[in-house]
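Take a look at the structure set out below.
Structure, rendered in structure tokens:
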């Protein structure tokens, strides 16, 4: 009989393997020496050990699913328990036990990761639903709101699934938000159509009025009427684009007809007023010679006489009216300023106030000069500095006050 640390061959050729539970027959060998039998069953053990090693590599080195890994471990555990092989079967069982612990730990990790992913997916879907409900309740930008709701549905589809009950409840809220948005949008546009119909009617009336006065020759009154109609047009709101364009073309056509006719009449009238403009050009040149004003009374008298001749000259073309009137107004303003300055210089109350200010400042300066002298004699540097600063300020004020007083001389 031949022996081995992990097995033996009996005299009748039966091959046994030694385990912690005792010996177990694994086969029979009748064709050769016992050593050959043991070598054969050792090779069977090596094949089994190779399968365990391969499974270890897959479990540790890949992302093999825990359920699949555990199924492979169970299958190999059965193979080891019933193995027709000679070797340290207990060591293989221990390695499989270690793998089972590793797989159990990984199963917990996968479960935790799955729970975390579900929590994140739930948060994502709750955010999607909350935003959809806010859009349904608040937004009035219908195009962007509708596009955003479609994007939210796609985001929902892309998110991971969560538990069925919560998924169904959230989807129901999302569907309700989309329905509410569509209903509110439909109501808005129905109201908008009604509003636009009211605008169309109002602008139709405006256009009819504009067309009715297009041939008027009451230039001033009709121009004011068109300004009022334009204000009404702007205040009426907007109709549909097609209606708006058609009505505006009619309104503008009536308005252009009137103002073109008025412009033609005014152009003819302006041509007849050219001689008046030449007279006023000459009068403006005379008026500008009054400046600068040296004798206020003479300037006012001369200007009064010029104004009388100016009024007698009559109207001028519109394109020259503002320039001529503005030029005469500048001369009048200059004479008026000269009159105001003359009155100010001759005002006894203002002169008295100016003289009082000068007298007060002179008295104040005399007192400060005495205080400065005393401070210097006493050697009080701080008082000297304060008195000098005060004197500088008072003398500056006195110069300004004396200039003001001199203006009354």
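In my numbering, the protein residues as written are 449 to 857. Glycine included, C-beta positions come from ideal geometry on N, C-alpha and C. Model, not experiment: these values are computed from the prediction.
Given 8 Å, three or more beta-carbon pairs between the region 814 to 828 and the region 844 to 854: no
DSSP-derived helix/strand/coil call for residue 535: coil
Alpha helix (DSSP H) runs wholly inside the region 571 to 625, at least 4 long, in chain order: 590 to 606
Under the three-state DSSP convention, the category residue 466 falls into: strand
For residue 543 and residue 449, the rounded distance between their alpha carbons: Legend: pLDDT at residue 449 = 46, less than 50; position of this residue unreliable, no value from coordinates given.
Residue environment, residue 559, which counts as buried when at least 16 other CB atoms sit within 10 Å: exposed
Closest by C-alpha distance to residue 845, when choosing among 811, 775, 666: 811
Any non-hydrogen atom of the ligand SAM closer than 7 Å to residue 453 Cβ: Only the bare structure without any ligand can be found here, which leaves the ligand SAM out of the picture.
Buried or exposed (CB count within 10 angstroms, at least 16 for buried), residue 520: buried
Beta bridge counterpart(s) of residue 473 as assigned by DSSP: 464
Any 3 or more C-beta pairs closer than 8 Å across the region 661 to 673 and the region 609 to 618: no
contact_flag[the region 540 to 556, the region 516 to 531] where n(CB pairs < 8 Å) is 3 or more: yes
Three-pair Cβ contact test at 8 Å for the region 696 to 716 versus the region 666 to 681: yes
The region 782 to 790 touching the region 758 to 769, judged by at least three CB pairs closer than 8 Å: no
Residue 554, DSSP secondary structure in three states: helix
Contacting residues, own chain, Cβ-Cβ under 6 Å from residue 626 (five flanking each side not counted): 597
Residue from 635, 842, 821 with nearest C-alpha to residue 832: 821
contact_flag[the region 597 to 612, the region 567 to 586] where n(CB pairs < 8 Å) is 3 or more: yes
Residue 780 versus residue 771: straight-line alpha-carbon distance, rounded: 14 Å
Enclosing alpha helix (DSSP H) for residue 507 [first to last residue]: 482 to 509
Among 563, 588, 669, 838, nearest to residue 640 - alpha-carbon criterion: 588
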